[in-house]
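Participant: Sharing a structure below in structure tokens format, with a few things to ask.
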Amino acid sequence: SSRRQEVRYALRHPSRPMFNRAIRAAVAPGSIFKVVTGYQALKEGKIDAEDTFSCSGLFQLGTGKFRCWREEGHGPQTVSDALEHSCNIFFYSTGRRLGVEKIAEGARRFGLGRPTGIDLPREGTGLVPDRAWMNQVLKQPWQEGDTLSFAIGQGPLQVTPLQMLCLITAVATEGSVPQPHLLKEIDGELSPHRWPVTRIPLDREALARVKVGLERVVGSPTGTGRLAQVPGVTAAGKTGTAQVSQGEAHAWFFGYAPADNPRLSFVVFLEHGG
6 SSRRQEVRYA
16 LRHPSRPMFN
26 RAIRAAVAPG
36 SIFKVVTGYQ
46 ALKEGKIDAE
56 DTFSCSGLFQ
66 LGTGKFRCWR
76 EEGHGPQTVS
86 DALEHSCNIF
96 FYSTGRRLGV
106 EKIAEGARRF
116 GLGRPTGIDL
126 PREGTGLVPD
136 RAWMNQVLKQ
146 PWQEGDTLSF
156 AIGQGPLQVT
166 PLQMLCLITA
176 VATEGSVPQP
186 HLLKEIDGEL
196 SPHRWPVTRI
206 PLDREALARV
216 KVGLERVVGS
226 PTGTGRLAQV
236 PGVTAAGKTG
246 TAQVSQGEAH
256 AWFFGYAPAD
266 NPRLSFVVFL
276 EHGG
């Protein structure tokens, strides 16, 4: 019967339509992770709001070549510029100053590497790598090049779309993350469950600089997310393209609106979206 065919399709199709990507897909965040690297570097005083790194399109590390997505480069960039244009070179330089442990600390502060606690079974935890993980699991030392990849959301780092939604919510609210949940009522009775709000202590000044960049991503004529402009609404966000070992890169976009008094946050994850 056609019903049975539908079920077979759903269970066996290689695109895995029954797989809950929102809570279980463990994927590289790519450039949307630059929000963490930028925030952490400002908080730790490794960069300040006016510091610039010049992007020629190429970052040399020993014999290794690390490239910016824009071949001709972006020229001198502050952290807000680098978020607006998603400049890799800025975040390679910043990541080197920070080091792997501080990047990992920032990632964990924003809730990566652990489940959000949504009321659904089998939620994924993702993975925040560090030196110890590299030694134990991959049995090799952490290299400087690994830090560069980590700083732009590549390498072994893995996140779920829901974790990234909670991360951008923390940025929008300056540290208040409501427990994500689906349950509203049972048989017409409102759920008695009180969903907690987690408070993440965040550095206000560092966050303010990051938010300027996120507003320019959408609002500026040169922002990578300018196509997301909606008349009458100021949105803030960050675009991302995460390279994967096989197939087209994953496409990401996350953000919040209105920028000055956020009412909602969102994440768009397009698997192999290029």
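Our numbering puts the first residue of the sequence shown at 6, with every later residue one more than the last. We put the beta carbon where it would ideally sit given N, CA and C, even for glycine.
Tell me whether aspartate 53 is buried or exposed, calling it buried when 16 or more other Cβ atoms sit within 10 Å of its Cβ.
Facilitator: exposed
Participant: For tyrosine 97 and serine 154, I'd like the C-alpha separation in whole angstroms.
Facilitator: 8 Å
Participant: Is the Cβ-Cβ distance between alanine 175 and phenylalanine 115 less than 7 Å?
Facilitator: yes
Participant: Which residues in the same chain as tyrosine 44 place their Cβ atom closer than 6 Å to its Cβ, once the five residues preceding and following it in sequence are excluded?
Facilitator: Once the five neighbours on either side are set aside, the close Cβ partners of tyrosine 44 are Ala211, Val215.
Participant: Does the segment 124 to 137 come within contact of the segment 76 to 83, defined as at least 3 CB pairs closer than 8 Å?
Facilitator: Output reads no: the segment 76 to 83 does not touch the segment 124 to 137.
Participant: Taking the straight line between their C-alpha atoms, what separation do you get for arginine 209 and lysine 243?
Facilitator: 19 Å
Participant: What's the call for aspartate 86, buried or exposed, on a 16-neighbour Cβ count within 10 Å?
Facilitator: buried
Participant: Residues bridged to isoleucine 191 by DSSP?
Facilitator: Glu194
Participant: Can you tell me which of the three DSSP states glutamine 82 falls into?
Facilitator: strand
Participant: If we call anything under 7 Å between Cβ atoms a contact, is proline 166 one with phenylalanine 274?
Facilitator: yes
Participant: Ignoring anything shorter than 3 residues, give me the beta strand (DSSP E) runs that lie fully in the segment 23 to 92, in order along the chain.
Facilitator: 58 to 60, 63 to 66, 69 to 72, 80 to 82
Participant: Classify glycine 162: buried if its beta carbon has 16 or more other beta carbons within 10 angstroms, exposed otherwise.
Facilitator: Reading the sequence as shown, one finds leucine at residue 162 and not glycine. Burial call: buried.
Participant: Contact criterion: CB-CB distance below 7 Å. Does valine 272 meet it with respect to chain B?
Facilitator: The chain inventory of the structure shown lacks chain B, comprising one protein chain alone.
Participant: Is it right to say isoleucine 108 is buried, meaning 16 or more other beta carbons lie within 10 angstroms of its own, or is it exposed?
Facilitator: buried
Participant: Evaluate contact between the segment 195 to 205 and the segment 179 to 187, counting only Cβ atoms and requiring at least three cross-stretch pairs below 8 Å.
Facilitator: Between the segment 195 to 205 and the segment 179 to 187, the count of C-beta pairs closer than 8 Å reaches three or more; the two stretches touch.
Participant: Please confirm whether any heavy atom of the ligand SAM lies closer than 6 Å to the CB of glycine 129.
Facilitator: Among the components modelled here there is no ligand, and therefore nothing to report on the ligand SAM.
Participant: Can you give the Cα-Cα distance for glutamine 234 and glycine 224, rounded to whole angstroms?
Facilitator: 7 Å
Participant: Using only the alpha-carbon positions, how far apart do cysteine 171 and glycine 230 sit?
Facilitator: 20 Å
Participant: Run through DSSP, which three-state label would phenylalanine 115 get?
Facilitator: Reduced to three states, the DSSP call for phenylalanine 115 is coil.
Participant: Taking the alpha-carbon positions, what's the lysine 70 to valine 105 distance?
Facilitator: 19 Å
Participant: May I ask you to report which of helix, strand or coil DSSP gives proline 183?
Facilitator: strand
Participant: Give me the DSSP bridge partner(s) of threonine 121.
Facilitator: Per DSSP, none; premise fails for threonine 121.
Participant: Compare the beta carbon distance of glycine 228 and glycine 35 with 7 Å and say whether it is the shorter of the two.
Facilitator: no
Participant: Going by alpha carbons, who is nearest to proline 120 out of Ala27, Pro236, Glu194?
Facilitator: Ala27
Participant: Helix or strand or just coil, what does DSSP make of tryptophan 147?
Facilitator: coil
Participant: If you draw a straight line from the C-alpha of threonine 178 to the C-alpha of glutamate 11, how long is it?
Facilitator: 42 Å
Participant: Would a C-beta distance cut-off of 7 Å place alanine 241 and leucine 219 closer than the cut-off?
Facilitator: yes
Participant: Here's a check: name, in chain order, each residue in its chain whose Cβ is nearer than 7 Å to the Cβ of glycine 67, leaving out the five neighbours to either side.
Facilitator: none
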